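J.: Protein chains in written order, with my numbering: chain A, 1 to 243; chain B, 244 to 486.
Idealized CB from N, CA, C, for every residue including glycine.
Here the structure is a predicted model, which means the values were calculated and not measured.
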DNA sequence: CAAACGCCCTGATCGAAATCAATCCGTCCC
DNA sequence: GGGACGGATTGATTTCGATCAGGGCGTTTG
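1) Under 7 angstroms Cβ-Cβ, which residues of chain B neighbour residue 84/A?
2) State yes or no: is the beta carbon of residue 485/B nearer than 8 angstroms to at least one beta carbon in chain A?
3) For a quick check, are the C-beta atoms of residue 155/A and residue 174/A less than 8 angstroms apart?
4) Excluding sequence positions up to five away, which residues of its chain have a Cβ less than 8 angstroms from the Cβ of residue 236/A?
5) Quick test of your reading: residue 249/B and residue 270/B, contact by CB under 8 angstroms. State the CB separation rounded to the nearest angstrom.
6) At what residues does the alpha helix (DSSP H) containing residue 59/A begin and finish?
7) Alpha carbon to alpha carbon, what distance is there between residue 92/A and residue 134/A?
8) With DSSP as the reference, label residue 42/A as helix, strand or coil.
9) Please list, in chain order, the chain B residues whose beta carbon lies closer than 8 angstroms to that of residue 179/A.
10) Mind checking residue 137/A: buried by the 16 CB within 10 Å criterion, or exposed?
11) Going by other Cβ atoms of all chains shown within 10 Å of its Cβ, with 16 needed for buried, is residue 158/A buried or exposed?
12) Within the same chain, show all residues whose beta-carbon is closer than 8 angstroms to that of residue 462/B, passing over the 5 residues directly before and after it, in chain order.
13) Relative to the C-alpha of residue 279/B, which candidate in 421/B, 352/B, 343/B, 285/B has its C-alpha closest?
14) Using the three-state DSSP reduction, which class does residue 243/A fall into: helix, strand or coil?
15) Give the residues of chain B in contact with residue 188/A, contact being defined as C-beta atoms less than 8 angstroms apart.
16) Kindly indicate which residue of 363/B, 293/B, 299/B has the alpha-carbon position closest to the one of residue 486/B.
17) Beta strand (DSSP E) containing residue 213/A: first to last residue?
18) Relative to chain B, which residues along the segment 94-121 of chain A have a C-beta separation below 9 angstroms, given in chain order?
19) Helix, strand or coil for residue 496/B? Go by DSSP, reduced to three states.
20) With a threshold of 8 angstroms, are at least 3 pairs of Cβ atoms found where one atom belongs to the segment 448-460 of chain B and the other to the segment 48-58 of chain A?
21) Quick one: is residue 272/B buried, meaning 16 or more other Cβ sit within 10 Å of its Cβ, or exposed?
22) Provide the residue span of the alpha helix (DSSP H) that contains residue 119/A, from first to last.
23) Could you give the residue range of the beta strand (DSSP E) that holds residue 279/B?
24) Check whether the Cβ atoms of residue 354/B and residue 391/B lie closer than 8 angstroms to each other.
25) Using three-state DSSP, classify residue 219/A as helix, strand or coil.
26) Kindly indicate which three-state DSSP category residue 160/A falls into: helix, strand or coil?
27) Determine, for residue 457/B, whether the minimum Cβ-Cβ distance to residues of chain A falls below 8 angstroms.
28) Quick check on the DSSP output: the alpha helix (DSSP H) that includes residue 186/A runs from which residue to which?
29) Quick one: give me the first and last residue of the beta strand (DSSP E) that residue 453/B is part of.
30) So residue 270/B is in the alpha helix (DSSP H); what residue range does that whole segment cover?
31) Please state whether the Cβ-Cβ distance between residue 61/A and residue 96/A is less than 8 angstroms.
32) Please return the same chain residues whose Cβ sits closer than 8 angstroms to the Cβ of residue 75/A, not counting the five positions on each side in sequence.
33) Please go through the same chain and pick out, in chain order, the residues whose beta-carbon is closer than 6 angstroms to the beta-carbon of residue 345/B, but skip the five residues on each side of it.
34) Taking 8 angstroms as the threshold (C-beta atoms), are residue 263/B and residue 349/B in contact?
35) Taking the alpha-carbon positions, what's the residue 492/B to residue 266/B distance?
36) Between residue 165/A and the rest of its own chain, which residues show a CB-CB distance below 8 angstroms, the 5 nearest in sequence each way excluded?
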């Protein structure tokens, strides 16, 4: 098993105490694997559990009345999934495995216990949730106020930045297990138009592509065009003392 | 002063203990007023405080490289402002007073103390933040995947639903202190097009307008067209016991 | 009081992205 | 091997919303 993925992630930001580590390990006592394409949580269902991603890619999405789909966010190793369960009995979003995945399920009571016993972890979880909210807001601005090309660029920049801190970006070279339709649903575009934009980025020497493999060539220019801001760092000076 | 606005809001969801009430009151010891139009927090500045809204409307927005603005969210009485300070030293967004406002400032340490002493309040604040994230995701889907008309409808539905629980919507009649440009910046449209969409909604008998005054006539149809889901209710069954 | 300004409204034109329609290509499966 | 299928690609056309331009109206301001 090799220790909690969430602990690994939080360990980037603070030095965890032994008892915090134990508490986090408990969130990931169990794990469960799903095949690529599986729906892990279904919109409007009442899930009983949340998950921490141990391995693989997922995304959360909604399907609107008109039949079109919007992908909200992609989730990677160490990300928490299904947190809306903390606020709503029925899931507002569908979570789908993009690749084969391994997830660690945990219940609300587990999290409540952890929060009661470990104020600093509570605060960290809150900070992570706030950071995710900010990241969604960035996406909102990108979709609401930028061109198709900038939207695609922005998505690539975000994915690359997030994979990098996980050690999954090798100098800008990443695995991108998404169809152009997925990218369209994440950026509010059609697959056809995503195709044209990506060819444009290739033509202009900003990225290279090869099947599922993508390489960011000129990250500076790509991020600048997209007004992309890296949100992977986290402020931790204010946290209460460890327990 | 008349008690904490946040307590008032949380009181909708749980029965607060005396000591929780005291802790919440402490977050709102001070208050400060700002004139309509004032920038309360500036993008890229390093604010020292967060705020709870006591009175008035605000919005948070970003300005992109191309000069255009995206409004992320409107804030009303009882809402918390500036939470990104928990995750980032520099504000990712600008917060502007839409009307004259009264705000209660509080520092991170205050919140950290509160979270350490009151696990249930921690959990509630987390739940509220999650709910806000979901609400942003709804907006994202609206902007990414629906027509101009549906986007405007959706914004009206959301504002109406949120004002209603504050007792500020009188059977669908609300004060809307926004210019059509503001509405455009919130929905990813131009003011010109917002104008046409709103006239369309009036023409079709879905809303009525009169200066700053707006009345939702047929909420069912308006929300249905917009694929709007009300997120004002909050799940609280899982919370740890009060302190 | 006149001027300036902010905001609302409307018409004409433009353009970016959607839609429609095919073709191509690799892979899975019988 | 040969369909069948999912996904990428490309071209032609359409459309929704942006842009441009101007007018009206109420309110602040000098």
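T.: By the coordinates alone:
1) Neighbours of residue 84/A on chain B, chain order: 373, 377.
2) Any Cβ of chain A closer than 8 angstroms to the Cβ of residue 485/B would place that residue at the interface, and such an atom is absent.
3) no
4) 13, 14, 124, 127
5) 6 angstroms
6) Taken as a continuous stretch (DSSP letters only), residue 59/A belongs to no alpha helix (DSSP H), being part of the beta strand (DSSP E) at 58-63.
7) 19 angstroms
8) coil
9) Under the 8 angstroms cutoff, chain B gives no residues; its nearest Cβ is about 17 angstroms from residue 179/A.
10) buried
11) buried
12) In the same chain as residue 462/B, and ignoring 5 residues on each side of it, the C-beta atoms closer than 8 angstroms to its own belong to 400, 403, 415, in chain order.
13) 343/B
14) Reduced to three states, the DSSP call for residue 243/A is coil.
15) Here the neighbours are 386, 387, 388.
16) Selected option, being the one with the closest Cα: 363/B.
17) 213-216
18) If the cut-off is 9 angstroms between Cβ atoms, the segment 94-121 of chain A has 107, 108, 109, 111, 112, 113, 115, 116, 117, 119, 120 near chain B.
19) This structure leaves residue 496/B out entirely; chain B is present only between 244 and 486.
20) no
21) exposed
22) 119-145
23) Segment: none, residue 279/B is in no beta strand (DSSP E) and carries neither H nor E.
24) Not in contact: residue 354/B and residue 391/B (Cβ atoms no closer than 8 angstroms).
25) helix
26) helix
27) no
28) 180-187
29) Residue range 450-453 is occupied by the beta strand (DSSP E) that includes residue 453/B.
30) 261-270
31) yes
32) So the list reads 53, 57, 58, 59, 60, 81, 95, once near-sequence residues are dropped.
33) Only 274, 276, 297, 298 meet the Cβ criterion.
34) no
35) Since the displayed chain B opens at 244 and closes at 486, residue 492/B lies outside it and no answer follows.
36) Residues 12, 232 of the same chain have their beta carbon placed closer than 8 angstroms to that of residue 165/A, with the five preceding and five following residues left out of the count.
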